[in-house]
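*Asks:* Residue numbers 3 to 217, in my numbering, belong to the letters of the sequence shown in order. Even for Gly, the Cβ is constructed at its ideal location relative to N, Cα and C. One structure, as structure tokens, below. Some questions next.
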Amino acid sequence: MPNYQSDLFSALSDSKEQIYPDVYRLSRFTKTDKLHKSLGPILQHSPFRKMMTPNGHYTNIAFTNCGEYGWVSNKVRYQYLDKDPLNNQPWPPMPQIFKDLAANAALEAGYSHFMPDSCLINQYLIGSKLGSHQDKNEKDFNHPIVSVSIGLTAIFQIYGKTRSGIKAQFPLYDGDVMVWGDSARLMYHGVKSLTAAPLKPNLTQRVNLTFRKSH
Ligand code: MD3
Ligand code: FE
């Protein structure tokens, strides 16, 4: 495992690092320009939206989905639906490059044949954050989760088996991919409030793709 932090020259090259038990960060695993282009038609069909949650507030971040199932919330529950509640139509199909990226990343972390049926697309603007939570609306926790960061840098936090008490935190850069499985699958986690990059004033958001096998 390359120790990229002590080596300035490898800082921008790919590396795989286990940053917590059963959590892998694949640094700069993918270029993001093609991913960004694929988002255009998805967002035309199923735009970013904030939704009501069971705690009576709207989600802090806007989101949408592609793939067979999409994660949504309402006043009563969180759930996966095979149609977008905004238009009552199936979610946009998952682009092949999304499927390939998710499968290749999972494989890199030791999980073969990962075939996600859902891609949650989260949009973080400056000031958006994601509080500590578990991902537990999926049928089978034996499947890993793969996530891809696009755009502005976020600070990701791992709380571990309980909702509070930060056990690890680290930055996620454009093109970084994370893979969570096995003992990490039900860990609490969150994302700190997004901050601007003064040297890149045109970069105003972070988009995160979360690939899951929900059914
Ligand atoms: C750790 N999204 O949508 S993805 C989420 O950056 C979510 O948008 C974050 O957490 C984001 O639920 C982080 C990384 C991630 C995804 C699933 C996990 C971390 C996870 C499941 C279990 C443990
Ligand atoms: Fe999550």
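How would you call Pro97, buried or exposed, if buried means at least 16 neighbouring beta carbons within 10 angstroms?
*Replies:* Buried, by the Cβ-count rule.
*Asks:* Touching or not, the stretch 78-93 and the stretch 192-201, by the rule of three or more beta carbon pairs under 8 Å?
*Replies:* no
*Asks:* Take the Cβ of Asp178 as the centre, count every other Cβ of all protein chains shown within 10 Å, and call the residue buried at 16 or more, exposed below.
*Replies:* Burial check for Asp178: the Cβ neighbour count within 10 Å reaches 16 or more, so the residue is buried.
*Asks:* Could you pull the start and end residues of the alpha helix (DSSP H) that Phe31 belongs to?
*Replies:* Looking at the DSSP string, Phe31 is not in any alpha helix (DSSP H), and its letter there is neither H nor E.
*Asks:* Excluding the 5 residues preceding and the 5 following Pro49 in the sequence, name in chain order all residues of the same chain whose CB lies nearer than 8 Å to its CB.
*Replies:* Thr66, Leu88
*Asks:* Residue ranges of each beta strand (DSSP E) run of no fewer than 3 residues wholly in the stretch 96-146, ordered along the chain?
*Replies:* 120-127, 132-135
*Asks:* Which residues are close to ligand 2, meaning CB closer than 6 Å to any heavy atom, in chain order?
*Replies:* His135, Asp137, His191
*Asks:* Relative to the C-alpha of Asp184, which residue among His145, Gly42, Asn76, Gln20 is closest?
*Replies:* His145
*Asks:* By how many angstroms is the C-alpha of Gln171 removed from the C-alpha of Arg46?
*Replies:* For clarity, residue 46 is Gln in the given sequence; the question names Arg instead. Roughly 34 Å between the two C-alpha positions.
*Asks:* So, with DSSP's three-state summary, where would you put Ala156?
*Replies:* If DSSP states are grouped into helix, strand and coil, Ala156 belongs with the strands.
*Asks:* Is the beta carbon of Asn210 within less than 7 Å of some heavy atom of ligand 1?
*Replies:* yes
*Asks:* What are the residues that DSSP puts in a beta bridge with Leu211?
*Replies:* Leu211 has Ile123, Val150 as its beta-bridge partners, per DSSP.
*Asks:* Between the beta-carbon of Phe100 and the beta-carbon of Ser40, is there less than 8 Å?
*Replies:* A distance below 8 Å separates the beta carbons of Phe100 and Ser40.
*Asks:* Round the Cβ separation of Arg27 and Glu19 to the nearest angstrom and send it over; I've been treating them as touching at under 8 Å.
*Replies:* 5 Å
*Asks:* Looking at Ser114 and Thr212, is the spacing between their C-beta atoms short of 8 Å?
*Replies:* It is not a contact, given that the beta carbons lie outside the stated cut-off.
*Asks:* Cutting at 6 Å between CB atoms, please list the residues of its own chain near Lys215, excluding the five before and the five after it.
*Replies:* Pro118, Asp119, His145
*Asks:* So, Ile63 versus Leu122, is the Cβ gap smaller than 8 Å?
*Replies:* no
*Asks:* Examine ligand 1 and report whether any of its heavy atoms sits within less than 7 Å of the Cβ of Ala186.
*Replies:* yes
*Asks:* How many angstroms separate the CA atom of Gly58 from the CA atom of Arg79?
*Replies:* Gly58 and Arg79 have their C-alpha atoms spaced approximately 11 Å apart.
*Asks:* Any heavy atom of ligand 1 within a distance shorter than 7 Å of the CB on Met53?
*Replies:* no
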